[in-house]
Amino acid sequence: MISGLVQLFLWQGLGELLSKFFLPGIPGPVLGLLLLLAFLCLRGQVDKDLAEVADSFRQHLGLLFVPASVGVLLFLPELKTHALAVSTALVVSVILTIAVTAIVLKVFWYFSLKRNKGNALHREQRHE
Numbered sequence: 001m002i003s004g005l006v007q008l009f010l011w012q013g014l015g016e017l018l019s020k021f022f023l024p025g026i027p028g029p030v031l032g033l034l035l036l037l038a039f040l041c042l043r044g045q046v047d048k049d050l051a052e053v054a055d056s057f058r059q060h061l062g063l064l065f066v067p068a069s070v071g072v073l074l075f076l077p078e079l080k081t082h083a084l085a086v087s088t089a090l091v092v093s094v095i096l097t098i099a100v101t102a103i104v105l106k107v108f109w110y111f112s113l114k115r116n117k118g119n120a121l122h123r124e125q126r127h128e
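Residue 1 is where the sequence shown starts when you use this note's numbering, and the numbers rise one by one after that.
Now the structure itself:
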């Protein structure tokens with residue numbers, strides 16, 4: 001489990017370095033997460049320790065929203081004055097998130113089917 005936690009911190013640290021020196025507009029943890037995703041996609045599997053840490057974070061995900069909730073309550077008067085802009089931003093971001101998720105899923109599905117067809121063809125040629 002410690003190994004998985006160290007891996008997460010290393011990817012986040014790498015993301016922070018990239019953010020600080022090359023891409024200051026993108027938060028370091030986001031870059032680190034994207035780098036981790038790319039690494040796992042290229043590797044094709046998830047390390048057992050990393051999966052264990054990710055599962056434990058997922059189980060306690062609700063606790064990570066407490067600071068955001070406190071921030072919302074703290075700035076409630078400002079949110080009330082800008083309710084239309086905030087609501088519009090939320091609705092547009094949800095629609096964009098759903099659209100991007102659908103596109104990414106479609107691309108992954110396409111490549112997965114293409115890879116599986118190639119594997120099946122390779123197996124058929126081997127058996128002949």
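Built from N, CA and C at the ideal position, the CB exists for glycine as well.
Query raised in the report: From Asp49 to Leu37, what does the alpha carbon distance come to, in whole angstroms?
Result: 16 Å
**Report entry** Endpoints, the alpha helix (DSSP H) within which Ile2 is located
**Finding:** Ile2 to Phe21
**Report entry** Cα-Cα separation, Glu78 to Ser87
**Finding:** 13 Å
Query raised in the report: Are at least three pairs of beta-carbons, each pair with one atom in the stretch 20 to 32 and one in the stretch 65 to 79, less than 8 Å apart?
Result: no
Report task. Please go through the same chain and pick out, in chain order, the residues whose beta-carbon is closer than 6 Å to the beta-carbon of Leu18, but skip the five residues on each side of it. Result -> Leu31
Query raised in the report: If you follow the alpha helix (DSSP H) that Phe57 is part of, which residue opens it and which one closes it?
Result: Lys48 to Gln59
Query raised in the report: Can you list, in chain order, the residues of its chain whose CB lies under 8 Å from that of His82, leaving out five sequence neighbours each side?
Result: none
**Report entry** For Pro24, the three-state DSSP class (helix, strand or coil)
**Finding:** coil
Query raised in the report: Would Val53 be called buried (16 or more neighbouring beta carbons within 10 Å of its own) or exposed?
Result: buried
Query raised in the report: How many whole angstroms separate the CB atoms of Leu35 and Leu14, which I take to be in contact at a CB cut-off of 8 Å?
Result: 6 Å
**Report entry** Burial state of Gly4, where buried means 16 or more other Cβ atoms lie within 10 Å
**Finding:** buried
Query raised in the report: Assuming Gln7 and Asp47 make a contact with CB atoms under 8 Å, what is their CB distance in whole Å?
Result: 7 Å
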